[in-house]
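Just so you know, the sequences run in chain order A and B. Going by the numbering used here, 144 is the number at position 144 of the first sequence; the sequence numbering is gapless. Going by the numbering used here, 94 is the number at position 94 of the second sequence; the sequence numbering is gapless.
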Amino acid sequence: MGYQWNWSIFGSTVPTGETTYLVWLLSGLQTTILLSLSAWLLALALGSLTGVLRTVPSKPLSTLASAYVELFRNIPLLVQLFIWYFVLPEILPFGLGDAFKQQLSPLTQQFLSAMLCLAFFTSARVAEQVRAGINALPRGQRAAGLALGFTLPQTYRHVLLPMAFRLIVPPLTSECLNIFKNSAVCSTIGLLELAAQGRQLVDYTAQPYESFIAITLLYLVINVVVMGLMRIVEARARVPGYLGSK
Amino acid sequence: MISIQNVSKHYGTFQVLTDCSTEVNKGEVIVVCGPSGSGKSTLIKCVNGLEPFQSGTITVDGVSVGDPKTNLSKLRSRVGMVFQHFELFPHMSITDNLTIAQVKVLGRSKDEATDKGLKLLDRVGLKAHAAKFPGQLSGGQQQRVAIARALAMDPICMLFDEPTSALDPEMINEVLDVMVELAQEGMTMMCVTHEMGFARKVANRIVFMDQGQIVEDDAKDAFFGNPRSERARQFLAKILTH
Ligand SMILES: Nc1ncnc2c1ncn2[C@@H]1O[C@H](COP(=O)(O)OP(=O)(O)OP(=O)(O)O)[C@@H](O)[C@H]1O
Ligand SMILES: [Mg+2]
Chain A
1 MGYQWNWSIF GSTVPTGETT YLVWLLSGLQ TTILLSLSAW LLALALGSLT GVLRTVPSKP
61 LSTLASAYVE LFRNIPLLVQ LFIWYFVLPE ILPFGLGDAF KQQLSPLTQQ FLSAMLCLAF
121 FTSARVAEQV RAGINALPRG QRAAGLALGF TLPQTYRHVL LPMAFRLIVP PLTSECLNIF
181 KNSAVCSTIG LLELAAQGRQ LVDYTAQPYE SFIAITLLYL VINVVVMGLM RIVEARARVP
241 GYLGSK
Chain B
1 MISIQNVSKH YGTFQVLTDC STEVNKGEVI VVCGPSGSGK STLIKCVNGL EPFQSGTITV
61 DGVSVGDPKT NLSKLRSRVG MVFQHFELFP HMSITDNLTI AQVKVLGRSK DEATDKGLKL
121 LDRVGLKAHA AKFPGQLSGG QQQRVAIARA LAMDPICMLF DEPTSALDPE MINEVLDVMV
181 ELAQEGMTMM CVTHEMGFAR KVANRIVFMD QGQIVEDDAK DAFFGNPRSE RARQFLAKIL
241 TH
């Protein structure tokens, strides 16, 4: 194979001369992390709320929540991204769309659209997990909470959700990993996250192997860190005498 | 204290309760028994509004349970309930199980609630287990904690739904002993149970249900001496030979 390995490209300066390729890569990493983390936090909040609503006795509320989940779960992520970025600003009422296009920098527009897209898409999946967690609890737990005089929200807050979330740490971990992987889709609207920077590196340096190996390793590091953090969460939340713990 | 008047309930076309009426006066102990599926759990859950019902009225201490204007949470905080499967909160220590509703519902201070909770835990003989978690206790111990948890709210009456039927035989008595003591102290109690020894010892009246109806509602001696209905006779014969 005639491929010329050249690992020093990361230290060489970019064509415009102000920085190195390594810095490009790291700025992509930073964008990926910021984007995914903020989307994850929003997804957790929205998903928890929606998941809870799917289990409340009120029929209209649970129907509304089901519709939300089906909507965001069944449209392909890429299509959702284009809708958030290209379509929504055109149809937002009260001058909101124009404000979005004129007052925000292009970078902020991309980041905001990408973040909301990932958050809503993932929230539907989080909602399904939260619902499954709540439904996996013994039915008597809700009755026991209510019977003590807790209101329904208090019953969720103190009785149902603490156990439901413990049960769903593993599936939530994989949703969290997914959001980092899915964030690569956002390069299609021009957001310079990790995957986009990787491709840019290939274009400029013509050293595709080094570039792709580098971004693969960076994604791997993210994976390992997320899994490590979730394992700590799981250990901290372990309930004595329950489910195989001691 | 508890008054149930002509209560009927159905799930779709399935009639679970048909025209049930009975009373539990202050200080009385009523035992509800009957075959599986006869509607005992449903009836007792109607008393604190955990199950809605379509017609009839239930009042607890003068408060109508079915009235949409009734603050059900407030009413429930005054009615203790003990479940077949204990339903302690597994993620909380025994102490937290005993105190959380006192603090969050009754607004008691943490110290006051802990004091009260530990006193009751001592009463059911489990003081040494205050720091443990429910999963670390036996079924009988968990059920005694559940009774203490209900008592910590200073209830005006107690509802029991088959409190011993999920327990191993050797643990049944430790729970029944607590219930007998409670009855003898004058607690108003409505107990779904098939423990006829308990019924004989402390019940004032026995309510026998079959297919969603109250078939018998007799003083204890009359019920055990000479139940009027054939169904009740058969039922008694079956459970007493066990
Ligand atoms: N959510 C529900 N939907 C439809 N039917 C129900 C529902 N809950 C209970 N039932 C039915 O109502 C009837 C009464 O149930 P209930 O639990 O009150 O009986 P029970 O006397 O407590 O029986 P057991 O001794 O087995 O606890 C049963 O036939 C049951 O199948
Ligand atoms: Mg029952």
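Even glycine gets a Cβ: it sits at the ideal position worked out from N, Cα and C.
In terms of residues, what are the limits of the beta strand (DSSP E) holding residue i?
i      : result
B:D122 : Run containing B:D122: none in the beta strand (DSSP E); it sits in the alpha helix (DSSP H), 110 to 123.
A:A214 : It is not in any beta strand (DSSP E) - A:A214 instead sits in the alpha helix (DSSP H) that spans 208 to 236.
B:K9   : 2 to 11
B:R205 : 205 to 210
B:A219 : 213 to 219
B:S21  : 14 to 24
A:I83  : Here A:I83 belongs to no beta strand (DSSP E), and DSSP marks it neither H nor E.
B:C33  : 29 to 33
Would you kindly check if the distance between the Cβ of residue j and the Cβ of residue i is under 8 Å?
i      : j      : result
A:L29  : A:F120 : no
A:T50  : A:V79  : no
A:A39  : A:L118 : yes
B:F235 : B:P68  : no
A:L276 : B:V105 : Because chain A spans 1 through 246 in this model, residue 276 of chain A falls outside it and cannot be assessed.
B:H129 : B:L118 : no
B:L126 : B:R149 : no
B:M1   : B:G80  : no
A:V239 : B:H91  : yes
B:G212 : B:L50  : no
B:T193 : B:F160 : yes
A:L41  : A:L53  : no
A:L81  : A:A114 : yes
A:I179 : A:T55  : no
B:T22  : B:D217 : yes
B:V82  : B:M158 : yes
A:V126 : A:L44  : yes
B:A146 : B:L88  : yes
Alpha carbon to alpha carbon, how far is residue j from residue i? Give it in angstroms, no decimals.
i      : j      : result
A:L22  : A:F10  : 5 Å
A:R157 : B:N97  : 14 Å
B:R231 : B:K9   : 22 Å
A:S245 : A:A237 : Here the model assigns A:S245 a pLDDT of 49, short of 50, so the residue's position is not dependable and the matter cannot be decided.
A:A247 : A:T188 : Because chain A is modelled from 1 through 246, residue 247 of chain A falls outside the range shown and cannot be assessed.
A:L152 : A:G198 : 50 Å
B:M179 : B:V124 : 10 Å
B:D221 : A:R166 : 51 Å
B:E112 : B:K74  : 20 Å
A:Q103 : A:G95  : 11 Å
A:S105 : A:L191 : 12 Å
B:E174 : B:G140 : 7 Å
B:V65  : B:I156 : 15 Å
Mind checking whether the beta-carbon of residue i lies closer than 7 Å to any heavy atom of ligand 4?
i     : result
B:K40 : What this structure holds is ligand 1 and ligand 2, not ligand 4.
Where does the unbroken alpha helix (DSSP H) through residue i begin, and where does it stop?
i      : result
B:M171 : 169 to 184
B:I94  : 94 to 104
A:Q4   : Unbroken run through A:Q4: none, as it is neither H nor E.
A:R166 : 161 to 167
A:Y204 : 194 to 205
B:S41  : 40 to 47
Tell me, which residues are paired with residue i by DSSP?
i      : result
A:E70  : Paired residue(s): none; A:E70 is not in a bridge.
B:R159 : Note that residue 159 of chain B corresponds to Leu in the displayed sequence, not to Arg. DSSP, once it has assigned bridges, lists B:M81, B:M190 as partnering B:L159.
B:I58  : B:I4
A:I91  : A:I91 is not bridged to any residue.
B:S64  : B:T59
A:T13  : A:T20
*Flag this pair as touching only if the region 133 to 147 of chain A and the region 80 to 88 of chain A have three or more C-beta atom pairs under 8 Å; answer yes or no.*
Contact between the region 133 to 147 of chain A and the region 80 to 88 of chain A is absent, because fewer than three Cβ pairs lie under 8 Å.
*Stretch pair the region 150 to 166 of chain A + the region 202 to 220 of chain A: three plus CB contacts closer than 8 Å*: No, because fewer than three Cβ pairs between the region 150 to 166 of chain A and the region 202 to 220 of chain A fall closer than 8 Å, the two stretches do not touch.
*the region 215 to 227 of chain A touching the region 41 to 57 of chain B, judged by at least three CB pairs closer than 8 Å*: No contact exists between the region 215 to 227 of chain A and the region 41 to 57 of chain B.
*Contact the region 199 to 210 of chain B vs the region 163 to 173 of chain B: 3+ CB pairs below 8 Å*: Contact between the region 199 to 210 of chain B and the region 163 to 173 of chain B is absent: fewer than 3 CB-CB pairs across the two stretches fall below 8 Å.
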